[in-house]
């Protein structure tokens with residue numbers, strides 16, 4: 001792989017709007033690479049990313065091909081950087097491979113440049129919370145520890161200059177990152193898999209292909225490395241059979257080698273040594289799924305050598321991430337929660353399970369990712385007193401499943417074309433007794449929003465605007 005970038009011809013395929021590709025471009029500009037950026041979106045659609053790049057030194061040297069790809073751009077490069085959303089079987093990448101041009105993603109670039117040990121976290125759900133909590137705990141001992149990767153706030157290349165060999169950076173790794181790492185036989189020294197659930201079936205041929213993309217995180221570990229797996233998830237548990245690294249688990253149900261719950265405490269067990277870490281009541285996060293995230297983070301912290309005192313203190317002070325079952329406040333008797341990063345039925349199912357009462361007002365809906373909504377429909381029947389569904393293909397699938405479980409049609413309003421309208425209707429439906437209003441879409445957002453963070457920010461705005469009226 002290229003590691004001296006000065007005057008090297010590098011193509012960045014897929015600029016997008018999330019910021020990760022723009023960070024790669026800015027970093028390569030600093031290294032004096034000769035850059036071409038190409039994206040099927042046009043300049044108007046990419047305005048937000050292009051405006052950011054204009055502010056970077058030497059940005060005038062970038063050659064852009066927007067609204068299309070040109071084969072000539074791909075056959076004259078020293079290196080191609082493939083970004084999320086770009087299919088691996090693209091005819092342009094196929095041609096580049098035939099010419100022997102290396103194709104990498106930002107994760108491969110990071111691992112090629114950083115020589116220290118890395119903690120990599122993946123999973124269908126919980127990877128952002130788990131990654132952030134691991135970082136939160138490690139900061140108590142490792143002052144220059146950083147978090148980066150799939151988490152929206154910190155692209156990987158932005159943190160390189162902050163690292164020493166002993167920083168133990170925490171990387172949130174998507175299945176797309178892992179595919180690139182697998183091609184170059186790279187795995188992190190500590191690999192964490194929170195769970196594997198149905199997701200991204202709009203991108204993968206089937207669930208097995210998606211599962212294998214997650215398993216790639218352990219595929220090239222060495223004997224001295226560690227893997228931390230969810231013992232309560234049958235798919236992640238299976239990963240241990242092929243692991244070369246030392247295997248640790250976390251579990252809400254079983255006493256295993258690793259972290260588990262018993263008698264209201266979080267325990268860590270290893271080599272006949274059982275340690276009480278902290279009372280479960282000290283955990284501030286809602287839901288069993290978040291307790292599992294805590295156990296995963298505790299296991300990693302113990303492997304890195306963080307004291308029980310520091311673990312307990314850090315976990316006790318952690319209140320979770322924005323837009324992940326985030327409590328916003330009360331509007332009279334209505335407790336409002338923003339779970340806008342829920343893009344799957346499993347995620348919304350976990351959110352509903354966090355509420356003991358059966359008086360949840362739910363705003364959900366959006367675009368389908370070829371997922372099954374039957375289990376979510378059953379839980380909606382148990383927990384949701386009023387349902388407001390945004391328009392979209394996922395909403396139509398959910399409506400069919402709700403009919404199967406005989407959820408009363410008078411309890412739901414469907415085909416709502418804006419979040420503002422859904423919010424207004426939800427507020428009007430609230431009673432004078434204690435209730436929860438949950439925004440947890442269980443679907444993708446591209447029919448209405450750029451991404452899940454845009455819809456999350458709009459929901460926050462609606463809440464705070466309403467709060468000002470009171």
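Numbering (UniProt numbering), first residue to last: 1 to 470.
By construction, the Cβ of each residue, glycine as well, lies at the ideal position given by its N, Cα and C atoms.
Please read these numbers as outputs of a predicted model, since none were measured by experiment.
C-alpha distance - residue i paired with residue j, whole-angstrom precision
| i | j | result |
| --- | --- | --- |
| residue 107 | residue 445 | 25 angstroms |
| residue 150 | residue 296 | 18 angstroms |
| residue 137 | residue 177 | 24 angstroms |
| residue 148 | residue 170 | 6 angstroms |
| residue 340 | residue 283 | 22 angstroms |
| residue 328 | residue 66 | 40 angstroms |
| residue 441 | residue 7 | 46 angstroms |
| residue 223 | residue 189 | 10 angstroms |
| residue 453 | residue 322 | 9 angstroms |
| residue 288 | residue 464 | 28 angstroms |
| residue 70 | residue 91 | 11 angstroms |
| residue 43 | residue 17 | 12 angstroms |
| residue 271 | residue 299 | 14 angstroms |
| residue 431 | residue 291 | 31 angstroms |
| residue 59 | residue 174 | 29 angstroms |
| residue 462 | residue 165 | 45 angstroms |
| residue 359 | residue 134 | 34 angstroms |
| residue 285 | residue 179 | 31 angstroms |
| residue 368 | residue 355 | 25 angstroms |
| residue 326 | residue 376 | 20 angstroms |
Contact set for residue i: own chain, Cβ-Cβ below 7 angstroms, skip 5 residues either direction
| i | result |
| --- | --- |
| residue 472 | Here the chain comprises residues numbered 1 to 470, so residue 472 is not present and cannot be evaluated. |
| residue 130 | 121, 192, 194, 293, 296 and 297 |
| residue 420 | 462 |
| residue 99 | 75 |
| residue 23 | 155, 157 and 158 |
From the options, residue whose alpha carbon lies closest to that of residue i
| i | options | result |
| --- | --- | --- |
| residue 212 | 287, 11 and 242 | 242 |
| residue 114 | 3, 270 and 64 | 3 |
| residue 469 | 380, 330, 417 and 447 | 330 |
| residue 183 | 303, 392 and 88 | 88 |
| residue 370 | 99, 325 and 203 | 203 |
| residue 315 | 357, 324 and 280 | 280 |
| residue 436 | 335, 5, 50 and 26 | 335 |
| residue 332 | 305, 428 and 306 | 428 |
| residue 418 | 438, 408 and 391 | 391 |
Residues that residue i bridges to, as DSSP identifies them
| i | result |
| --- | --- |
| residue 193 | 122 and 229 |
| residue 103 | 80 |
| residue 444 | 367 |
| residue 279 | 265 |
| residue 139 | Residue 139 is not bridged to any residue. |
| residue 68 | 39 |
| residue 318 | Beta-bridge pairing links residue 318 to no other residue. |
| residue 34 | 9 |
Cβ-Cβ distance between residue i and residue j below 9 angstroms
| i | j | result |
| --- | --- | --- |
| residue 374 | residue 401 | yes |
| residue 81 | residue 12 | yes |
| residue 247 | residue 226 | yes |
| residue 362 | residue 349 | no |
| residue 393 | residue 308 | no |
| residue 61 | residue 34 | yes |
Residues near residue i by beta carbon distance below 8 angstroms, same chain, minus five either side
| i | result |
| --- | --- |
| residue 267 | 255, 259, 260, 261, 274, 275, 276 and 277 |
| residue 347 | 125, 339, 341, 440 and 442 |
| residue 163 | 114, 116, 144, 146 and 169 |
| residue 416 | 365, 388, 389, 390, 391, 422 and 425 |
| residue 19 | 49, 52, 152 and 155 |
Sequence-distant residues of its chain with Cβ nearer than 6 angstroms to residue i (five each side left out)
| i | result |
| --- | --- |
| residue 372 | none |
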